[in-house]
Structure formats: structure tokens, C-alpha cells
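In our numbering, the protein residues as written are 10 to 422.
By construction, the Cβ of each residue, glycine as well, lies at the ideal position given by its N, Cα and C atoms.
All figures in this text were calculated on a predicted structure; none of them were measured in a lab.
Below: one structure, written as C-alpha cells.
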Ligand code: ADP
Ligand code: MG
């Protein structure tokens, strides 16, 4: 069924059309009718499958259809998200669908002055997108009133519930009218988190799309075994092989982000960096420059792994493996979004083997291996524009390492 057959107001159908959406995705097809029926929903669907519109569209429809009965603006919907970037992005999606309606959407998050946000809240809004820290602050200061709330959404629900906010969330729920709708959306979920979700609502309708493989089939993902000290040469090579592509590189720590940035700078590659220590305004500017394609490579920590929807990211490189197995799914999920295809390559050093095993257990399958011969290995190192030691010793070093690896593999078998 196409969107023009949906029970949406003409104002909303028009914005759906303007967004270029013709047919719902699987998760939208399943979740929208349930949400319109005011059911509580726990929705699990792979990255990039349009979960945002799956909740934003029916919410905008429900709130718009009630408008004629309300005299003033009430805060009716609260969407909780883990990061500032995601808050802005989701607010944009709501604004897109609400643009031919009078519904007002606002955003609050930490790291910036709270006064303008308080002023905005005073002016009133129908839909609020918030990160938890600032939101709990504003509630405790009495600036945020949830007395009239009807819908609570937890996007990236497993992460939101795992962040240690569960007590605060329970507190918030005490301030919300008893009869409200709760929606959980995520690409990953585990038993423990599911129990937490079920402790917040009685009988949520569980909607799960392609649960077997958490990685979308649009993503071709593989792993290459590369020593820690050599990773920069391989990254240099991969970036130079794809000069026109938008590339997202994930690194384990803030310090390593800056180190990789410098290593790329030394070989003439311009990159952007993103991590939790950056000022909010810098974070916004960085995302804009990457989004627009002005700079094609972004080096980031896991802060950018969740939910971020940047058009046309063709490659995700895991320079380091993530510390938390499910983050693998979220990182590689920054590519291959919507109908696009994407490629992800992870660099795994000997120290990271255990992590790789954990990730594969989480995925329930092995990740395809890119076989590098010792010749390839040396060639890639040798071609780096970084000044290099002599070719022969490099060759020997690589061969020894490859042999050791082969031996270990045999032993395992
Ligand atoms: P998720 O939250 O599942 O990771 P998003 O909601 O961020 O995914 O959507 C991924 C991309 O797919 C977005 O760029 C969005 O505009 C696009 N998209 C979503 N639904 C549709 C649709 N029905 N038709 C076309 N594109 C869509
Ligand atoms: Mg999402």
C-alpha cells in the first residue's frame, strides 16, 4: 500500500510526498497502524530502515487530528534520544512532516545555555525532542511540564535504557498522565533491556523486522587483520582509493581520533573529527560540513554511531573495533541506508581478536575476512606517503607476522 492510501490528513500526505516517500518501508508498514490505534509498541528493525518516520508520521497525524479540540498548545509528545546530533536530526524529520500543520517541534539538549531552551518551552510546543541529562535538569527546575503528555518515544531504546537513566525515566513516567502511549524503537535489543522495557509498559506490541541478521543486507561488511601500528597505512590507502566517496571512520577513543587525524594530515588527507570533548557549536559545524560533502572523511568515536542519518556515506571503516558488540551494528549501519548500498571494513589487530569473537557471537555469524597476502600487506605499507623504513625489513616483518597468524589458525583447528 502506498502512502497516498493511508488515513493521513491531506496536509500530511503532501509533506510525505514532498519528502519523496512513496511506499512505506516494512517497519513503517507494520508500526504505523498500531501506533494510530494508540498501542504501546516495541519496534526492532535494522539500521536505515526508516524507523524515524515509522513513529513521527503517525504521531504528527494523531496530534494534528486533535488540534481542533485543544485551545492552547500542550506538550503532547516527548521523544528521548541519546545525542544532541540525533535530537536535531529527529526534530527535522518531525518538522518536515508537520510543515503544513500548525504543530510546533522543539529540541533540548545539554552543552549549551539552557535559557533560550527555557524560553522556547515557555512559548509552547506540541512535540519535544530531548536528550536525557538536560531534560531531567529542566524537569527538576520546574521548566518542563509533562502533565498533558500523550506519547513517549524512546529512540535507540536499548541504549537509552542501558545508560543508567532507568530510574529517572521511571520518575518522569510518574509525571505523565497514566493513560499514555509508549513507543520503543531500536535496531538492537537484548533480553535484559527487553525486560526493562516491559517493566515500563504492560503489554507492548512487539514488531520485529528481519531479526535473524541485525546487519542490513544493503551493507557489505568484512574484516581485515592488520597490526595496530599499521592501521594508518591501510586507512590512507583505502581513503586514497576512494577520493570521491563519503567515508566515516570509527576509532575507539577521543585521543585516538586526534591521532588518526594527524596521521592522515601527514599524508595529505583532509578529515574532520568528532567526539564528546568538542564544543556543541563545533559539533554542529562538523556535521554540517560532512553532511554537505565539503569534507569527505569524518573520524569519530561511538558518539556518532547511533541513529545518525547522513546521506550517501559509502564507506564505514572501523579503524578500531568497538568496545561494545552491538555498536558494531550501529557503526556499520551508518552506510547502506534506505535503498542505498554501503561497504564496511573493520581493522582487527591481534589485541582485538577477543572483541571480534564477541561481535561475531552477537551477530550470530562470522564476518567475511579480507585476505591480505604478505605482498599486499607490504605494498600497502610501502606506498604510504609517510616516510618509510626500508622495504626489505618491512617485507620480513610482515611475513613473520603472517606466518605466526597462519600457525595460530592451524593450532585453533
Ligand atoms: P533508522 O532510524 O531505521 O536507522 P531513518 O529513520 O534514519 O532510519 O531513515 C533512513 C533513511 O531512509 C532516511 O534518509 C529517510 O529519509 C529514508 N526513508 C525512510 N522512510 C522512507 C520511505 N518510506 N521511502 C523512502 N525513503 C525513506
Ligand atoms: Mg533511527
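- Query: Taking the alpha carbon of residue 357 as the point to measure from, which residue in 296, 244, 391, 279 has its own alpha carbon closest?
  - Reply: 244
- Message: Could you tell me the alpha carbon to alpha carbon distance between residue 349 and residue 320, rounded to whole angstroms?
- Response: In a straight line, the C-alpha of residue 349 is about 9 Å away from that of residue 320.
- Query: Identify the residues that DSSP records as bridge partners of residue 327: which are they?
  - Reply: 259, 355
- Any beta strand (DSSP E) of 3 or more consecutive residues that is wholly inside the region 63-106: 86-89
- Task: Following the continuous alpha helix (DSSP H) through residue 234, name the residue where it begins and the one where it ends.
- Result: Run containing residue 234: none in the alpha helix (DSSP H); it sits in the beta strand (DSSP E), 228-234.
- Item | According to DSSP, residues forming a beta bridge with residue 191 | According to DSSP, residue pairing for residue 191 in a beta bridge involves 161.
- How many whole angstroms separate the CB atoms of residue 257 and residue 346, which I take to be in contact at a CB cut-off of 8 Å? That belief does not hold up - the Cβ atoms of residue 257 and residue 346 are roughly 12 Å apart, past 8 Å.
- Message: Are the CB atoms of residue 308 and residue 270 within a distance shorter than 8 Å?
- Response: It is a contact, given that the beta carbons lie within the stated cut-off.
- In the DSSP assignment, find the unbroken alpha helix (DSSP H) run with residue 248 in it and report its ends. 240-250
- Item | Residue burial classification, residue 398 (beta-carbon count within 10 angstroms, cutoff 16) | With a pLDDT of 48 at residue 398, under the threshold of 50, the modelled position of this residue cannot be trusted; read the value that follows with caution. The residue in question, residue 398, is exposed, as its Cβ has fewer than 16 Cβ neighbours within 10 Å.
- Would you say residue 34 touches ligand 1, meaning its beta carbon is less than 7 Å from a heavy atom? Yes, the beta carbon of residue 34 sits closer than 7 Å to at least one heavy atom of ligand 1.
- Is any heavy atom in ligand 1 found nearer than 7 Å to the beta carbon of residue 57? yes
- Runs of beta strand (DSSP E) wholly within the region 358-391 (minimum 3 residues, chain order): 377-379
- Query: Roughly how many angstroms lie between the CA atoms of residue 353 and residue 376, to the nearest whole one?
  - Reply: In this structure, the CA atom of residue 353 is about 11 Å from the CA atom of residue 376.
- Item | Per DSSP, the bridge partner or partners of residue 283 | Looking at the DSSP assignment, residue 283 forms a beta bridge with 309.
- Item | Residues passing the C-beta test against ligand 2 heavy atoms, cut-off 6 Å | 60, 61, 164, 316
- Would you decide whether residue 297 is buried or exposed? Buried here means 16 or more other CB atoms lie within 10 Å of its CB. An exposed status is given to residue 297, since fewer than 16 other beta-carbon atoms sit within 10 Å of its beta-carbon.
- Can you list, in chain order, the residues of its chain whose CB lies under 8 Å from that of residue 202, leaving out five sequence neighbours each side? 166, 167, 170, 171
- Message: Assess contact between the region 29-42 and the region 58-78, defined as three or more Cβ pairs (one per stretch) separated by less than 8 Å. Is contact present?
- Response: Enough Cβ pairs lie closer than 8 Å, so yes.
- If you draw a straight line from the alpha carbon of residue 188 to that of residue 291, how long is it in whole angstroms? 41 Å
- Task: Answer yes or no: do residue 210 and residue 191 have a C-beta to C-beta separation smaller than 8 Å?
- Result: Cβ atoms of residue 210 and residue 191: closer than 8 Å.
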